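Counting the sequence shown from 1 gives a position; my numbering is that position plus 803.
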Amino acid sequence: DFTLLQALTQHDEATLLSRIKELVDAQLVVEESVDRFAFRHALTREAMRARLLARERVALHRAIASALESASDGGDGGDGDDALAYHTFEAGAWEPARRYALRAAARALSLSAPREALQHFERAATATANAGRPLDSTLLMGRGRAHETLGAFSRANDDFVAALDCARASADRRAEWEALHALGLLWAARDYERAGAYRQAALLVARAIDDPSLV
């Protein structure tokens, strides 16, 4: 993005355009639109990355994330959340990486893109672990739903069970109901007796918290 390049390089528009034109003439970069440019080949991008020291890459990811955050002003950035999740993760900024990855994952699920959602959930899980925090029921439920949509029954079941354990450990009855309800739906196609047990347990929780919509 041209605006992002300006923020990172601190060049004025004429200077930056001149530099980009050199790359276009060398057939390394292509103009996608008035405001966007891209490497002509992915291998070129990877070759440039390989020339950077690990510390340089981390510094660049941190600078890009900072510029993106300034541009988004902390709001829900849509596609911007994808980029922020990636750059904060690569910069080792674990708490922001977790936050942006969860937002990007939720958006991917809403757009019926479970594979992309799962990638973001996995990134959020790694960031959570690196931040020294346990996985919570929200993350586990989201990742479980992505697995379920992709037909990964065992992984979905493991995540929903783990979410149930988290909810019970924190005495979060609504999250407990959500996990039980998800397990009931998951097992309905395999074992009605087990699915029924989960649904009965969910019903007891719904009545205990006196929520007619859940009942």
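Where a beta carbon is used, it is the ideal one built from N, C-alpha and C, also for glycine. These numbers were taken from a predicted model, which means no experiment stands behind them.
- Contact between the stretch 930-937 and the stretch 890-901 is present: 3 or more CB-CB pairs across the two stretches fall below 8 angstroms.
- The alpha-carbon separation between A866 and A817 amounts to approximately 22 angstroms.
- A distance below 6 angstroms between beta-carbons, with the five flanking residues on each side excluded, links L953 to the following residues of its chain, in chain order: P917.
- In the DSSP annotation of this structure, the continuous segment of the alpha helix (DSSP H) that includes A1009 starts and ends at 995-1011.
- Within the same chain, Cβ atoms closer than 7 angstroms to the Cβ of L819 are found at L808, Q809, T812, the five residues on either side in sequence being excluded.
- Annotation: the continuous alpha helix (DSSP H) that includes E893 extends over 882-893.
- Buried is the label assigned to D884, since at least 16 other Cβ atoms lie within 10 Å of its Cβ.
- Bounds of any beta strand (DSSP E) do not take in V964; it lies within the alpha helix (DSSP H) bounded by 956-972.
- Our two residues, L826 and V832, have alpha carbons roughly 5 angstroms apart in a direct line.
- Membership of A932 in the alpha helix (DSSP H) is indicated by the continuous run 917-933.
- Of the other Cβ atoms in all chains shown, fewer than 16 fall within 10 Å of the Cβ of S873; this residue is therefore exposed.
- DSSP places E834 in the uninterrupted beta strand (DSSP E) bounded by 832-834.
- At the C-beta level, W980 and A959 stay beyond 7 angstroms of one another.
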